[in-house]
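Structure first, then comments.
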Amino acid sequence: MLTVEQTRTRLLDLLRAKSVFHGDFALSSGGRSEYYVDCKLTTLDPQGAWLVGQAMHTLIRREEAARKTMINAVGGLTMGADPIALAVGMFSHHAQDSTPLRVFSVRKSPKAHGQTKLIEGNFRKGDSVVVLDDVVTRGESTIAAINAVVQEGGTVAFAAVLVDRREGSRERSEAMGYSLIS
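Encoded structure:
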């Protein structure tokens, strides 16, 4: 197994090689940028998923210990958070955590049929969760996921992201009372 620093270095190298593009891009926040980060090219890659799972699992467990809290589950708004959450959950199982992290996914709107859920997967009312995201600019996806978890009866311990573009997402999350770490 790689050390924490080796994992982080390899993940950053892989993100730079596979997921960073230069040009003129429209962002989901409505802004424009000279670079674009498409983390899914890394998080949906087998090596990338393993590195993401290990790096984020370590980050979450360290933060959990520092805050003296217990995290039950990880997830976030579908699409960006899904592969990250699954990678973390799988690594949690592999690491033989005494309480492996469960995984959930937040829909953009409740399903119109079946159980009409807003949150899919292994989320339970009362869970303490970490909301995940791949890339944040202003934090709208992260905030939407936080609001959904709270609406469905969970508590958010904190949010964790792979890439923070540092354009206000951390400040917006903190203004709502939630720290965002990357």
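Numbering (our numbering), first residue to last: 548 to 729.
We put the beta carbon where it would ideally sit given N, CA and C, even for glycine.
Residues bridged to residue i (per DSSP)
| i | result |
| --- | --- |
| Ile607 | Answer by DSSP bridge pairing: none, since Ile607 is not bridged. |
| Asp680 | Val708 |
| Ser580 | Phe572 |
| Phe651 | Gly622 and Gly668 |
| Val635 | Note: Val635 sits in no beta bridge, so no partner. |
| Val567 | Val584 |
CA nearest to the CA of residue i, picked from the options
| i | options | result |
| --- | --- | --- |
| Arg488 | Glu699, Met548 and Arg685 | Nothing about residue 488 can be reported from this structure: the residues present for the chain run from 548 to 729 only. |
| Leu648 | Leu561, Ile618 and Ala628 | Ile618 |
| Ala632 | Val676, Phe568, Leu549 and Lys565 | Val676 |
| Ser652 | Val621, Gln662, Val682 and Gln643 | Val621 |
| Gly701 | Asp711, Arg717 and Ile666 | Ile666 |
| Glu687 | Pro657, Glu610, Leu727 and Gly661 | Leu727 |
| Asp560 | Phe572, Met548 and Leu588 | Leu588 |
| Thr554 | Ala628, Leu606 and Lys658 | Leu606 |
| Arg609 | Val551, Gln698 and Phe572 | Val551 |
Under the three-state DSSP convention, the category residue i falls into
| i | result |
| --- | --- |
| Gly668 | strand |
| Ser729 | coil |
| Ser675 | strand |
| Thr646 | coil |
| Thr702 | strand |
| Pro630 | helix |
| Glu687 | helix |
| Glu714 | coil |
Assumed close pair residue i, residue j - CB separation to whole angstroms, cut-off 8 angstroms
| i | j | result |
| --- | --- | --- |
| Thr625 | Lys655 | 7 angstroms |
| Ser720 | Ala704 | Wrong, their Cβ atoms sit about 12 angstroms apart, outside the cutoff. |
| Val683 | Val650 | The pair is not a contact, with the Cβ atoms about 20 angstroms apart (cut-off 8 angstroms). |
| Met637 | Gly600 | 6 angstroms |
| Ile693 | Val678 | 5 angstroms |
Straight-line Cα distance separating residue j from residue i
| i | j | result |
| --- | --- | --- |
| Tyr582 | Leu562 | 13 angstroms |
| Leu574 | His640 | 35 angstroms |
| Phe670 | Arg557 | 31 angstroms |
| Val635 | Asp674 | 17 angstroms |
| Leu810 | Pro630 | Absent from the model: residue 810. The displayed extent of the chain is 548 to 729, so no value can be given. |
| Asp681 | Ser729 | 10 angstroms |
| Asp585 | Arg713 | 16 angstroms |
| Gly668 | His604 | 19 angstroms |
| Lys615 | Gly570 | 44 angstroms |
Short CB-CB distance (under 8 angstroms) between residue i and chain C
| i | result |
| --- | --- |
| Gly570 | The displayed structure is made up of one protein chain only, and chain C is not part of it. |
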